């Protein structure tokens, strides 16, 4: 699956289609626990603690018996660490509007990357990525987000650091349906967020270059259950100069 992010880079994306206005967003009910997500090649099984927080996510390969586990740890009710495949992401909260992550890819105890999630008025406004390969943080990537009145990100601006300043690379535009998004926080793995960043489900995600040319478009269609929860997503990925790709995702709930 093309997962959400750079923060959102593999998910966010509208061509010339008008964003849908949804003023009656239905929040995810506490009992609407997503317990399994089946992709074309893998299956994610989500386990919860008694208090409802995610305890682990087990990813199984369909073509083999191999499996990997992401284990979640909390301190004072906040996510503090995720262990996965010998690597780890640790979380710090410098202030109420900032989440700082450090990624140790090899389990050495020394982080390789540092990430910041910045919020304004409780909404994710910016994401920045730094390399720690030299021991000092070197800026690499940055994303800035624009929301509509319904609480959905409708635009992501992608930047790359050229060694002297942030240089804009592309824009990503998105339209949505009017059903509750039950998988938003899981689509950010391994940068798991504790809140649902997207209120509804993407319908179109379009990457555009600075000249306005379309780089890639992903078009989503869904099957919903009687409660409006998505149970199946069919996605068509169309990238300039490449064959179309199709993918199916199946969602199961407790």
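Numbering (the numbering used here), first residue to last: 836 to 1089.
Virtual Cβ for every residue (Gly too), placed ideally from N, Cα, C.
The structure presented is a predicted model; accordingly, all values stated were derived computationally and were not measured.
**Q.** Three-state secondary structure assigned by DSSP to residue 1079
**A.** Correct three-state label for residue 1079: coil.
(Q) Tell me the DSSP secondary structure of residue 1022 in three-state form. (A) Taken through DSSP and simplified to helix, strand or coil, residue 1022 comes out as helix.
Q.
Quick check on this structure: which residue in 928, 978, 887, 904 has the alpha carbon closest to the alpha carbon of residue 920?
A. With distances taken between Cα atoms, residue 920 lies closest to 904.
Q | Backbone secondary structure at residue 911 - three-state DSSP | A | The DSSP-derived three-state label of residue 911 is coil.
Q) In terms of DSSP beta bridges, what is residue 946 paired with? A) None; residue 946 has no bridge partner.
Q.
Quick check on the DSSP output: what are the complete beta strand (DSSP E) runs of length 3 or more inside the segment 864-938, in order along the chain?
A. Whole beta strand (DSSP E) segments, 3+ residues: 869-873, 877-883, 889-896, 902-910, 913-919, 922-930.
Q. Does the segment 1015-1025 come within contact of the segment 943-960, defined as at least 3 CB pairs closer than 8 Å?
A. The segment 1015-1025 vs the segment 943-960: no contact.
Q. Short check: CB of residue 1043 to CB of residue 1079, under 8 Å?
A. No.
Q) Under three-state DSSP, which class holds residue 845? A) Summary for residue 845: the model assigns pLDDT 31, below 50, so the residue's position carries little reliability; its value from the coordinates is reported in the next sentence. The answer is coil: DSSP assigns residue 845 none of H, G, I, E or B.
Q. Over what stretch of residues does the beta strand (DSSP E) that includes residue 1038 continue unbroken?
A. Note, residue 1038: beta strand (DSSP E), 1035-1044.
(Q) Pop quiz: residue 1089 and residue 868 are said to be a contact at Cβ under 8 Å. What is the actual Cβ separation, rounded to whole angstroms? (A) Correct: roughly 4 Å between the Cβ atoms.
Q) Does DSSP put residue 1032 in a helix, in a strand, or in coil? A) Coil at residue 1032, not helix or strand.
Q. For residue 1004, which of helix, strand or coil comes out of DSSP?
A. Looking at residue 1004 - three-state DSSP - the assignment turns out to be strand.
Q | Close-in-space but distant-in-sequence residues of the same chain around residue 1033 (CB under 7 Å, 5 per side omitted) | A | Hits under 7 Å: 987, 988, 1016, 1019.
Q: Would you kindly work out how many angstroms separate the C-alpha atoms of residue 875 and residue 1061, rounded to a whole number?
A: In this structure, the straight-line span from the alpha carbon of residue 875 to that of residue 1061 is close to 25 Å.
(Q) For a quick check, are the C-beta atoms of residue 873 and residue 1085 less than 8 Å apart? (A) Yes. Within cutoff.
Q. To the nearest angstrom, how far is it from the Cα of residue 1004 to the Cα of residue 966?
A. Approximately 19 Å between the Cα atoms of the pair.
Q. Do residue 1038 and residue 1011 have their C-beta atoms closer together than 8 Å?
A. Contact: yes.
**Q.** Spatial distance of residue 938 from residue 927 (CA atoms)
**A.** Cα-Cα distance, rounded: 12 Å.
(Q) Check for me: the beta strand (DSSP E) holding residue 992 runs from which residue to which? (A) In the DSSP assignment, residue 992 falls within the unbroken beta strand (DSSP E) covering 988-996.
Q: Report the rounded CA-to-CA distance for residue 877 versus residue 899, giving the unit in angstroms.
A: Spanning the two alpha carbons is a distance of roughly 10 Å.
Q. Within 10 angstroms of its Cβ, does residue 1002 collect 16 or more other Cβ (buried), or is it exposed?
A. Residue 1002 is exposed by the Cβ-count criterion.
Q.
Less than 8 Å between C-beta atoms, sequence neighbours within five positions excluded: which residues of the same chain meet that for residue 865?
A. Note that residue 865 scores a pLDDT of 49, beneath 50, so its modelled location is shaky; the value from the coordinates is reported in the next line. For residue 865, where only same-chain residues beyond five positions count, the Cβ hits under 8 Å are 887.
Q) Taking residue 890 as the reference, which of 901, 902, 914 has the closest Cα? A) Put simply, of 901, 902, 914 the residue whose alpha carbon is nearest the alpha carbon of residue 890 is 914.
Q.
If I measure Cβ to Cβ from residue 863 and keep anything under 7 Å in the same chain, skipping five residues before and after, which residues do I get?
A. The pLDDT assigned to residue 863 is 48, lower than 50, so where the model puts this residue is not dependable; a value taken from the coordinates is nonetheless given after this. The answer, listed in chain order, is 1015, 1017, 1031.
Q | Element boundaries [beta strand (DSSP E), containing residue 1120] | A | Limits of the chain in this structure are 836 at one end and 1089 at the other, which puts residue 1120 out of reach.
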